[in-house]
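Residue numbers (our numbering), protein chains in the order written: chain A, 3 to 166; chain B, 3 to 166. Below is one structure; the comments refer to it alone.
Number of protein chains: 2
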Amino acid sequence: MNNPVTIDYTHFEDLEVGQVIDLGATTLTRDMIVSFATEFDPFPFHLDEKAANASLLGGLSASGWHTGAIALKMLLKNFPKKLASAGGLGFKNLKWKRPVMVNDTIGGSATVAALRRTRSNPQWGVLTLDMNITNQKGQTVMVMTLDNLVEVRDPSTDGAEATK
Amino acid sequence: MNNPVTIDYTHFEDLEVGQVIDLGATTLTRDMIVSFATEFDPFPFHLDEKAANASLLGGLSASGWHTGAIALKMLLKNFPKKLASAGGLGFKNLKWKRPVMVNDTIGGSATVAALRRTRSNPQWGVLTLDMNITNQKGQTVMVMTLDNLVEVRDPSTDGAEATK
Numbered sequence: 003m004n005n006p007v008t009i010d011y012t013h014f015e016d017l018e019v020g021q022v023i024d025l026g027a028t029t030l031t032r033d034m035i036v037s038f039a040t041e042f043d044p045f046p047f048h049l050d051e052k053a054a055n056a057s058l059l060g061g062l063s064a065s066g067w068h069t070g071a072i073a074l075k076m077l078l079k080n081f082p083k084k085l086a087s088a089g090g091l092g093f094k095n096l097k098w099k100r101p102v103m104v105n106d107t108i109g110g111s112a113t114v115a116a117l118r119r120t121r122s123n124p125q126w127g128v129l130t131l132d133m134n135i136t137n138q139k140g141q142t143v144m145v146m147t148l149d150n151l152v153e154v155r156d157p158s159t160d161g162a163e164a165t166k
Numbered sequence: 003m004n005n006p007v008t009i010d011y012t013h014f015e016d017l018e019v020g021q022v023i024d025l026g027a028t029t030l031t032r033d034m035i036v037s038f039a040t041e042f043d044p045f046p047f048h049l050d051e052k053a054a055n056a057s058l059l060g061g062l063s064a065s066g067w068h069t070g071a072i073a074l075k076m077l078l079k080n081f082p083k084k085l086a087s088a089g090g091l092g093f094k095n096l097k098w099k100r101p102v103m104v105n106d107t108i109g110g111s112a113t114v115a116a117l118r119r120t121r122s123n124p125q126w127g128v129l130t131l132d133m134n135i136t137n138q139k140g141q142t143v144m145v146m147t148l149d150n151l152v153e154v155r156d157p158s159t160d161g162a163e164a165t166k
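In C-alpha cells, the structure reads:
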C-alpha cells in the first residue's frame, strides 16, 4: 500500500460521500491546556484550578479553539493518505457541547458529507466534512462542518457533471 | 476609569446591540505562522516557502485556525472592560476570505449582533458577536459569528423580558 518513493495523495476523486475517517486519540494535559490558553484564550477557567473549580465548567478545561485545532491536527494525521488540500474555506455550525477537562482524551470521526465541483474551477473540488469530536466517555464535546478545497487529479473531467 | 483594587467586568447588562469593539493590530511573523502550523496544521503551504509559492495561496500563509485564535486573543484583549464570560458556545459561518501572508497585520472589529436571555438560565445571557477580521490593506480575511455565555450582573431581573 505504501510507496516509499512518491507520496500518493488523496485527491478529490478518491473521496466518497459517507466515508468515515477515524480521528484516533489525543490526551489534553494540563500543560497543553494552559500553554494554549495563555497564548490565545486567557480566561481564568482555562488557566487556574481555583478559578476553574468556581466556574460554570467546574474545573480546568481546554479552550474550545484548542479543541478545534487538535481536531484539525488529528484529521490531517489520520487521513488514509495525505490530503491534497489547497486550504480551508471555512466552517459552519461549530458547537462546543461539553468542556474538555484536564487529561480528557478526545477522538471521534470526520464523515464526508458532500463533494462538489464547479465548472468555473475544474482543478479544485469542495470537500465538506462533518466532524464529531468525542471524549473518552463517548460524549460529544464538539461538532463542526468544515469546507476544504481539494485538488482534482484529472481536471479535464467535467466539473459539474463529476459532482458526486 | 480603572479601579486598581477590584476588577470591573463587562456584564451582560453592559452590552448594547450595535456596539463595536476595535480589535487593534497584530502582525503575523514567519516564526509565529510556522510554529502554529507545525503543531496544528502542518500543510506545506503553511511551513515552507517553496511549496507555498507553488500553491494556490501563492506564498507562505497562516493557518486559518491561527488567524481565528489570534482574533479571539485580540477580542479578549480589546474589550473595554474584561468580559465576564463563562465560555464560548460555538460559532456560525466562519469564512476564510483571503489568506493571511507572512508579515501581514490583522485587525478589524467585533460588533454586538444580538443579546439574548432565557427564563431557564437567568444568570447567563448569550452574546452574539459578528467578527470581521481585516488585513493592513483593509481587505477582509475572515468573518465569523460567535456565541458566548456572559454573566448577568442582576439575575433577579426577568430573563426573557430583559432581552434587548
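Built from N, CA and C at the ideal position, the CB exists for glycine as well. Everything numeric in this text was worked out from a predicted model, so none of it was measured.
Asked	Found
By the DSSP assignment, the beta strand (DSSP E) with residue 144 of chain A in it spans what residues?	142-153
Using the C-alpha atoms, what's the distance from residue 11 of chain A back to residue 60 of chain A?	43 Å
Looking at chain A, which residues of the stretch 9-38 of chain B have a Cβ within less than 9 Å of any of its Cβ atoms?	38
Using a Cβ-Cβ distance cut-off of 8 Å, determine whether residue 86 of chain A contacts chain B.	no
If you drop the 5 nearest sequence neighbours on each side, which residues of the same chain put their C-beta closer than 7 Å to that of residue 138 of chain A?	106 and 107
May I ask you to report which of helix, strand or coil DSSP gives residue 12 of chain A?	strand
Going by DSSP, which residues form a beta bridge with residue 50 of chain B?	BP columns for residue 50 of chain B are empty, so no partner.
For residue 112 of chain B, which residues does DSSP report across the bridge?	B/23 and B/133
Please identify, using Cβ separations under 8 Å, the residues of the stretch 66-82 of chain A that lie next to chain B, in order along the chain.	66, 67, 70, 71, 72, 74, 75 and 78
Is the beta carbon of residue 39 of chain A sitting closer than 8 Å to the one on residue 68 of chain A?	yes
Can you look up residue 87 of chain B in the DSSP assignment and give me helix, strand or coil?	strand
Just the C-alpha distance for residue 22 of chain B and residue 113 of chain B, rounded to the nearest angstrom, thanks.	4 Å
To the nearest whole angstrom, what separates the beta carbons of residue 37 of chain B and residue 47 of chain B, a pair I think is in contact under 8 Å?	Going by Cβ atoms, the distance from residue 37 of chain B to residue 47 of chain B rounds to 16 Å, so no, they are not a contact pair.
Less than 8 Å between the C-beta atoms of residue 98 of chain B and residue 77 of chain A, yes or no?	no
Quick check: the Cα distance between residue 65 of chain A and residue 81 of chain B, rounded to an integer number of angstroms?	18 Å
Would you check if the stretch 51-59 of chain B and the stretch 18-34 of chain A touch, i.e. whether three or more CB-CB distances between them fall below 8 Å?	no
Let's test the definition: count the other Cβ atoms within 10 Å of the Cβ of residue 127 of chain B and tell me whether it reaches 16, buried, or not, exposed.	buried
In three-state DSSP terms, what is residue 36 of chain B?	helix
Output needed for residue 50 of chain A: all residues of its chain with C-beta closer than 8 Å, excluding positions within five of it in sequence on either side, in chain order.	62
Say whether chain B places a C-beta atom closer than 8 Å to the C-beta of residue 122 of chain A.	no
Return the residues of the stretch 85-115 of chain A that lie within a Cβ-Cβ distance of less than 9 Å from chain B, sorted by chain order.	85, 87, 88, 89, 90, 91, 92, 93, 94, 95, 96, 97, 98, 99 and 101
Do you know how far the Cα of residue 134 of chain B is from the Cα of residue 79 of chain A?	31 Å
Tell me, please, whether the CB atom of residue 198 of chain B is closer than 8 Å to any CB atom in chain A?	Outside the displayed range of chain B (3 to 166) lies residue 198 of chain B, so it cannot be described from this structure.
Where residue 73 of chain A and residue 151 of chain B are concerned, what is the direct C-alpha to C-alpha distance, given to the nearest angstrom?	23 Å
Can you say whether residue 20 of chain A is buried or exposed, counting buried as having 16 or more other CB atoms within 10 angstroms of its CB?	exposed
DSSP three-state call for residue 69 of chain B: helix, strand or coil?	helix
Does the CB of residue 6 of chain A have a neighbour CB from chain B at under 8 Å?	In this predicted model, residue 6 of chain A has a pLDDT of only 47, less than 50, meaning its place in the structure is not dependable; the value taken from the coordinates is given anyway. No, residue 6 of chain A does not count as interfacial toward chain B.
When you compare the CB of residue 50 of chain B with every CB in chain A, is at least one pair closer than 8 Å?	no
Helix or strand or just coil, what does DSSP make of residue 42 of chain A?	helix
Nearest-angstrom Cα distance between residue 117 of chain B and residue 149 of chain A?	29 Å
Can you confirm whether residue 43 of chain B, when its beta carbon is compared against all beta carbons of chain A, has any partner nearer than 8 Å?	yes
Would you tell me roughly how many angstroms separate the C-alpha atoms of residue 84 of chain A and residue 45 of chain B, rounded to the nearest one?	10 Å
Check each candidate in B/89, B/96, B/142 and B/158 and name the one with the smallest Cα separation from residue 122 of chain B.	B/158
Give the DSSP-derived three-state secondary structure of residue 62 of chain B in the structure shown.	coil
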